[in-house]
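Visitor: Throughout, the working numbering is defined as the position within the sequence shown, counted from one, plus 89.
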Amino acid sequence: MIEGTFGGPIPGLNNIVTFFLSGRYNKDGGYIFGRRDHTIYDSIWINPNNAEDIRVSATGDGAYVSMNPSEDFSGTAKLTVKPISTLKINYDAVYSNSDFKTYNHEIKYNPDANYQRFVWSLLNSLEVRQALSNSTFYSLQGSYNIYDFKRYLFPLLDADNNPVTFKPGMDISGLHADPRYQPIHKSNKATSYTFASGGTLFGHYYQRSQTTEIKFDLTSQVTNQHEVKIGGRFKNDLMDFEDFTVQRDTLTYLTPTILSTESPAHDLYSKEPQQYSVYIQDKMEFSSMIINAGLRYDYFNARSLYSPNTNKPTEDLVMAETKNTFSPRLGISFPITDEGIIHFSYGHFYQLPPFSYLYTNPTFENNVAVPTFGNANLNPEKTVTYEIGLQQQMTEDLAFNVTGFYKDVRDLLALQQIRVSSSFSYFTYVNQDYGNIKGITFSLTKRKLPSSLFALSLDYTYQVAEGNEVNASAFFLDAASGRQSEKIPVPLTWDQSHTLNGVVSFGENNNWLLTLVGSISTGLPYTPLLYDKQIYLESNSERKPLQTNVDLLVEKSFDLADIVLTAFLKVYNLFDTKNESFVYDDTGRATYTLQSTRSGAEATNKLSASNPLIKSADEYFIRPQYYSAPREVRVGFLLEF
90 MIEGTFGGPI PGLNNIVTFF LSGRYNKDGG YIFGRRDHTI YDSIWINPNN
140 AEDIRVSATG DGAYVSMNPS EDFSGTAKLT VKPISTLKIN YDAVYSNSDF
190 KTYNHEIKYN PDANYQRFVW SLLNSLEVRQ ALSNSTFYSL QGSYNIYDFK
240 RYLFPLLDAD NNPVTFKPGM DISGLHADPR YQPIHKSNKA TSYTFASGGT
290 LFGHYYQRSQ TTEIKFDLTS QVTNQHEVKI GGRFKNDLMD FEDFTVQRDT
340 LTYLTPTILS TESPAHDLYS KEPQQYSVYI QDKMEFSSMI INAGLRYDYF
390 NARSLYSPNT NKPTEDLVMA ETKNTFSPRL GISFPITDEG IIHFSYGHFY
440 QLPPFSYLYT NPTFENNVAV PTFGNANLNP EKTVTYEIGL QQQMTEDLAF
490 NVTGFYKDVR DLLALQQIRV SSSFSYFTYV NQDYGNIKGI TFSLTKRKLP
540 SSLFALSLDY TYQVAEGNEV NASAFFLDAA SGRQSEKIPV PLTWDQSHTL
590 NGVVSFGENN NWLLTLVGSI STGLPYTPLL YDKQIYLESN SERKPLQTNV
640 DLLVEKSFDL ADIVLTAFLK VYNLFDTKNE SFVYDDTGRA TYTLQSTRSG
690 AEATNKLSAS NPLIKSADEY FIRPQYYSAP REVRVGFLLE F
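(1) How many Å lie between Ile135 and Ser352 at the Cα?
(2) Which runs of the beta strand (DSSP E) at least 3 residues long sit entirely within the stretch 586-618? Give them in chain order.
(3) Determine whether the beta carbon atoms of Leu501 and Gly478 lie at a separation below 7 Å.
(4) Would you give the residue range spanned by the beta strand (DSSP E) that Asn638 belongs to?
(5) Please determine, among Ser210, Thr676 and Phe415, the residue with the shortest C-alpha to C-alpha distance to Ser630.
(6) Under 7 Å, do Ala656 and Phe730 count as touching if we go by C-beta distance?
(7) Buried or exposed for Pro268, please, with buried defined as at least 16 other CB atoms from any protein chain shown within 10 angstroms of its CB.
(8) Considering Cα atoms alone, identify which of Ile430, Ala140, Ser155 and Lys171 is closest to Asn104.
(9) Write down the C-beta distance between Leu547 and Gly591 rounded to the nearest angstrom, noting that I regard them as a contact closer than 8 Å.
(10) How many Å lie between Leu504 and Ser376 at the Cα?
(11) Could you give the distance in angstroms between the alpha-carbon of Tyr386 and the alpha-carbon of Asp117?
(12) What's the gap between the Cα of Asn390 and the Cα of Gln552?
(13) Do Lys167 and Phe207 have their CB atoms nearer than 7 Å?
(14) Contact check, Leu211 vs Tyr184 under 8 Å by CB: the rounded distance?
(15) Using only alpha-carbon positions, find the residue among Asn520, Ile609, Phe333 and Leu176 that is nearest to Gln296.
(16) Residues in its own chain within less than 6 Å of Leu406 by CB, not counting five upstream and five downstream?
(17) Quick check on DSSP: helix, strand or coil for Tyr446?
(18) Could you tell me the alpha carbon to alpha carbon distance between Phe444 and Leu602, rounded to whole angstroms?
(19) Would you mind stating whether Thr411 and Asn464 have Cβ atoms separated by less than 7 Å?
(20) Taking Cβ positions, are Pro257 and Asp329 nearer each other than 7 Å?
(21) Is the stretch 423-441 touching the stretch 466-486 in the sense that three or more CB pairs, one from each, lie closer than 8 Å?
(22) Measure the CB-CB distance between Arg499 and Lys471 and report whether it falls below 7 Å.
(23) Taking Asp584 as the reference, give the member of Asn600, Thr616 and Phe647 with the closest Cα.
(24) Measure the alpha-carbon distance for Asn694 versus Ala706 and round it to whole angstroms.
(25) Indicate whether the contact test is met: 3 or more Cβ pairs, each with one atom in the stretch 333-345 and one in the stretch 300-312, closer than 8 Å.
(26) So Leu589 and Tyr549 are in contact, right, with Cβ under 8 Å, and what is the actual spacing, rounded?
(27) Return the CA-CA distance between Met90 and Phe162, expressed in angstroms with no decimal places.
(28) Does the contact criterion of 3 or more C-beta pairs under 8 Å hold for the stretch 126-135 versus the stretch 682-692?
(29) Would you kindly work out how many angstroms separate the C-alpha atoms of Met259 and Ser670, rounded to a whole number?
(30) For the alpha helix (DSSP H) holding Leu696, just list the boundary residues, first then last.
(31) Can the beta-carbon of Gln521 be found less than 7 Å from the beta-carbon of Asn557?
(32) Pop quiz: Tyr448 and Lys360 are said to be a contact at Cβ under 8 Å. What is the actual Cβ separation, rounded to whole angstroms?
(33) Would you mind giving the Cβ-Cβ distance between Thr284 and Lys278, rounded to the nearest angstrom? I have them listed as a contact below 8 Å.
(34) Specify whether the stretch 225-240 and the stretch 191-202 touch according to this definition: at least 3 beta carbon pairs, one from each stretch, less than 8 Å apart.
(35) Taking the continuous beta strand (DSSP E) assigned at Asp356, which residues delimit it?
(36) Report the option in Ser262, Pro252, Gly292 and Tyr236 whose CA atom is closest to the CA atom of Ser298.
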């Protein structure tokens, strides 16, 4: 990794214009490796008269290949112009470009079939800040952001077989798929409990977002006690998507083929949601109390179709309703001693659904067994928050903060399976009725004084997060009977009962420093599976294992005339802990699954014993992506002048 910064005033302009530049380049080889036993041209053949007669081609070189490498560059440029003391103009540009892959377990021994992923973004922002008087100033900011994401195995080619930088909506008539795409049968596996022995992945996904945003804020100290803020924001997102699957087989599509957008295998759509907000806030400062009171209004228009009838998700489509919300907020703090403060806050907060929840499968294509449809009429999540806490300075360098909180959440978002009939069901995103989060946080901070070597920061959180659950059949029965199903409280997906974080530092300023950063937390919930009957039990009723981590930073600085050289050592996951981030739902562990006892798995092990090119089910169930990253050591130098 290489990073650097450079800035200062532009010579000859009397400090009217200053600039700041920064850049960062990082290349990561990844930590999950596959082995090239097979290439994309390999395949398997199974004797139709004898399932145990399997022939596997293996033309790979056996080299180990990283399956989650990444390479990225980011840069920032800032230009500040201050022509007069009361006026400042800032221009910011933030650029980012990254190429990466994510681990795909199925192709562990055919790693050249893995998708490439590319992310490119550029943010331009211009801000004007001006003081209108000693007590009043405003800020006007406009920004334009482009975000571009691509995912494919091979890029599209033009008539001269040159790679094309494709964007959603481009004319595809003069382009064609790479001839290296293999017939789909080459992706077949010997059994469902082993790895692929060849073939390619066929998907192409392109997303391009252009976001325009304008913000205005005005702050005025109206009286000695009242500071009033008003402001507003307008945001427009133009999002283009294109998603298709290259076709190739041995009967119909003898060469790699891209079907037209009329086909279920090729989606092309554009969405342009809009949102704006306005707010007013009054900060009241009195001798014994500070009060913050405000009101915010938000408007959102998804500008897309949805079906109000859950039993007919592809029929009678209408435009989604606009969403209008009002958010009152209140904060009060007052001293109880010279060094102690009690604070209270109450507020309404709304969170818009992710756009993917609104626009998944927007053409409502029913081309898989259980399709997933977005829901453009989702309501924003509403959270009403109550907090009360105490801040206390105990000594010059020691303080603590304890806060109790309660959050009442309405219109929780969830992916819900809806059973329309005995033969048809689908998934869609819905607003669940209710959730609540309650808990307490405690933090202890010891600042490092000039005369000491030691600093400490600890924070602990206990919380309970629950929400209601309605099963898939309930939607069907409720619609038929007109009744309301019983709401069953279950832990929410992010419910983490205990979390403890700590930072300990030893060192002398501008000389040497040793820092340890640690965390420990209880596992997140998951829904267990009753293996013998293939029945899922109560949602989120079991817990994943405990999660722990410790990082280390060691620094030593050397003063070389006008240059400061700092050598550093960074160790992430110091103790090489294998946290089980994902688990099998039949055991609650990443280390084993009861699926290994199924007859198909045992048969695969038997095939592997007689044909080493067929990997065993025991190996197939070892999932490296279920664990946190292993220990990573970085050594480097920082040069300041």
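Beta carbons are placed, not taken as given, at the ideal position from N, Cα and C, and that holds for glycine.
Guide: Per the coordinate set shown:
(1) 32 Å
(2) 587-597 and 601-610
(3) no
(4) Gln636 to Leu649
(5) Thr676
(6) no
(7) exposed
(8) It is Lys171 whose Cα lies nearest to the Cα of Asn104.
(9) 5 Å
(10) 50 Å
(11) 44 Å
(12) 34 Å
(13) Taking a C-beta distance under 7 Å as the contact criterion, Lys167 and Phe207 do not qualify as a contact pair.
(14) Going by Cβ atoms, the distance from Leu211 to Tyr184 rounds to 5 Å, so yes, they are a contact pair.
(15) Phe333
(16) Leu394 and Ser396
(17) helix
(18) 44 Å
(19) Cβ distance not < 7 Å, so Thr411 and Asn464 don't count as in contact.
(20) yes
(21) Yes: at least three Cβ pairs fall under 8 Å.
(22) yes
(23) Thr616
(24) 6 Å
(25) no
(26) 5 Å
(27) 10 Å
(28) no
(29) Near 40 Å, if we compare the C-alpha coordinates of Ser670 and Met259.
(30) Ser688 to Ser699
(31) yes
(32) Distance from Tyr448 to Lys360 at the Cβ level is roughly 5 Å; contact confirmed, criterion being Cβ atoms closer than 8 Å.
(33) First, the amino acid is wrong: residue 284 is Phe here, not Thr. At roughly 7 Å, the Cβ-Cβ gap stays under 8 Å, so Phe284 and Lys278 are in contact.
(34) no
(35) His355 to Lys360
(36) Tyr236
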